[in-house]
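Asks: Numbering (the numbering used here), first residue to last: 24 to 191. Backbone N, C-alpha and C fix where the C-beta goes; we use that ideal spot for every residue, glycine too. Treat the numbers as computed from the prediction; the structure is a model and nothing was measured.
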């Protein structure tokens with residue numbers, strides 16, 4: 024009887040170690056599995072899905088970016104994937120592209136995708152573009168150009184008024 028007790032005590036912890044592997048709910052939480060599944064549902068090639076998900080530091084956000092853009096705009100999933108892979112904040116890119124696409128046309132889609140990718144603050148950029156399009160007679164393309172232009176800033180800033188130690 025004592026031998027059986029020791030056997031149960033020594034085998035029981037190993038059973039708990041193996042349980043998570045057999046649980047499909049835990050296996051479904053694998054971020055690479057979720058990425059690949061989401062992208063395969065968009066009819067992307069298995070090779071492109073494998074390359075993209077495996078090379079991403081945050082595969083869940085990569086997949087969400089592609090799904091959001093492909094589902095909320097006229098942009099093809101393959102184009103969305105190529106762009107989502109290039110940015111550090113894929114969810115912000117997706118928000119930017121989807122929001123601007125609501126005020127733009129299908130013809131504006133490539134420019135919207137490119138400008139959101141280039142923006143350092145994509146969500147702020149999308150608010151700028153949407154606001155200009157909604158409140159002016161500017162088209163989406165012109166609003167994209169105005170909002171991405173980093174040279175149009177406060178011209179009243181006089182650097183000579185700054186303390187000497189600050190300018191160094």
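Quick check on this structure: which residue in 74, 122, 67 has the alpha carbon closest to the alpha carbon of residue 192?
Replies: No answer is possible for residue 192: it lies beyond the span of the chain, which begins at 24 and ends at 191.
Asks: Smallest Cα separation from residue 123: which of 63, 95, 75?
Replies: 95
Asks: Check for me: the alpha helix (DSSP H) holding residue 54 runs from which residue to which?
Replies: Per DSSP, the unbroken alpha helix (DSSP H) holding residue 54 starts and ends at 54-63.
Asks: For residue 166, is the classification buried or exposed, using 16 other Cβ atoms within 10 angstroms of its Cβ as the cut-off for buried?
Replies: buried
Asks: Roughly how many whole angstroms lie between the Cα atoms of residue 114 and residue 106?
Replies: 12 angstroms
Asks: By Cβ distance, which residues of its chain are closer than 6 angstroms to residue 142, with the 5 residues on each side in sequence left out?
Replies: 148
Asks: State yes or no: is the C-beta of residue 2 within less than 7 angstroms of the C-beta of residue 72?
Replies: The chain is shown from 24 up to 191; residue 2 falls before or after that span and cannot be answered.
Asks: Which residues in the same chain as residue 57 place their Cβ atom closer than 8 angstroms to its Cβ, once the five residues preceding and following it in sequence are excluded?
Replies: 51, 82, 83, 86
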